[in-house]
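Trainee:
Numbering (this note's numbering), first residue to last: 13 to 124.
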């Protein structure tokens with residue numbers, strides 16, 4: 013399964029995100045962080061389906077890149093309930109001008 017991956021910055025919404033979307037099922041996994049000056053800035057990152065309430069605090073227990081373009085995320089208990097599995101693993105295809113390395117760098121920065 014290949015997932016489209018993009019980095020998005022939304023000053024009007026006060027957040028930035030790496031968005032992963034499955035074109036076939038339209039399933040979505042987002043990692044978001046509020047921008048400086050936003051109400052939740054300083055709370056760290058959150059994960060969401062894009063339509064669900066965000067989950068802050070320990071949503072991702074671990075993550076890694078496998079074979080250059082596969083990302084694996086080990087989820088915390090609250091995120092497992094939302095996404096239905098303790099590990100999300102998928103190959104990514106970047107959207108636009110971003111490369112896989114760019115997407116990985118954004119994920120790393122958002123999770124820091």
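Cβ coordinates follow ideal geometry from the N, Cα and C atoms, glycine included.
Predicted, not measured: the structure shown is a model, and the values here were computed from it.
Contact check, residue 67 vs residue 90 under 8 Å by CB: the rounded distance?
Mentor: Their Cβ separation, rounded to whole angstroms, is 5 Å, which keeps residue 67 and residue 90 in contact under 8 Å.
Trainee: Alpha carbon to alpha carbon, what distance is there between residue 18 and residue 27?
Mentor: Roughly 14 Å separates the two Cα atoms.
Trainee: Can you name the start and end residues of the alpha helix (DSSP H) that residue 52 belongs to?
Mentor: Counting along the chain, residue 52 falls outside any alpha helix (DSSP H), and DSSP gives it neither H nor E.
Trainee: Under the three-state reduction of DSSP, which class applies to residue 38: helix, strand or coil?
Mentor: DSSP places residue 38 in coil when its eight states are reduced to three.
Trainee: Helix, strand or coil: which one does DSSP assign to residue 87?
Mentor: DSSP places residue 87 in strand when its eight states are reduced to three.
Trainee: Evaluate contact between the segment 46 to 58 and the segment 78 to 87, counting only Cβ atoms and requiring at least three cross-stretch pairs below 8 Å.
Mentor: Result no; under three Cβ-Cβ pairs closer than 8 Å.
Trainee: Taking 7 Å as the cut-off, decide whether the C-beta atoms of residue 15 and residue 104 are in contact.
Mentor: Contact flag set, yes.
Trainee: DSSP three-state call for residue 109: helix, strand or coil?
Mentor: Here residue 109 sits in coil by DSSP.
Trainee: Where does residue 114 sit, in a helix, a strand or coil, going by DSSP?
Mentor: The answer is helix: DSSP assigns residue 114 an H, G or I state.
Trainee: Nearest to residue 96 by alpha carbon, out of 40, 21, 20, 36?
Mentor: Closest by alpha carbon: 40.
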